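Working notes, beginning with the structure itself.
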Amino acid sequence: MQIEALMTKNDTWKYASGELLPPTVVEGDAREEAELKNWLKKDKMAKSDLILSISSNELQ
Numbered sequence: 649m650q651i652e653a654l655m656t657k658n659d660t661w662k663y664a665s666g667e668l669l670p671p672t673v674v675e676g677d678a679r680e681e682a683e684l685k686n687w688l689k690k691d692k693m694a695k696s697d698l699i700l701s702i703s704s705n706e707l708q
């Protein structure tokens, strides 16, 4: 519950939940390539939120 609240605050929950899938990119379309780059950045932020929310005891 707390991780969902944190990720909602950071606008990363939709990446972790699968609600927001990566955009389809046509090679050579600069706008679509930029959208994918932004999506990948936010997806990495979501992964970071998850990792940082797990205590070291839970990782072992």
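Residues in the sequence shown are numbered from 649 upward in steps of one, following our numbering.
Using N, Cα and C, we set each Cβ at its ideal position, and we do this for glycine too.
The structure displayed is predicted, hence computed values, not measured ones.
From residue i to residue j, what distance separates their C-alpha atoms?
{"i": "P670", "j": "L684", "result": "7 Å"}
{"i": "E681", "j": "S701", "result": "30 Å"}
{"i": "D677", "j": "Q650", "result": "39 Å"}
{"i": "N658", "j": "L707", "result": "23 Å"}
{"i": "N705", "j": "N686", "result": "32 Å"}
{"i": "L668", "j": "S703", "result": "27 Å"}
Assuming residue i and residue j make a contact with CB atoms under 8 Å, what is their CB distance in whole Å?
{"i": "T660", "j": "K689", "result": "Between K689 and T660 the Cβ distance is about 10 Å, and since that is not below 8 Å, they are no contact."}
Excluding five sequence neighbours on each side, which residues of the same chain lie with their C-beta closer than 6 Å to the C-beta of residue i?
{"i": "M693", "result": "T660"}
Excluding the five sequence neighbours on either side, which residues of its own chain have a C-beta within less than 8 Å of the C-beta of residue i, listed in chain order?
{"i": "V674", "result": "E680"}
Might you give, ordered along the chain, the residues of its own chain that have their beta carbon closer than 7 Å to the beta carbon of residue i, omitting 5 neighbours on each side?
{"i": "Y663", "result": "K690, D691 and A694"}
(request) Kindly confirm or deny that the stretch 692 to 703 and the stretch 653 to 663 touch, where touching means at least three C-beta pairs closer than 8 Å. (result) Verdict: yes, contact present.
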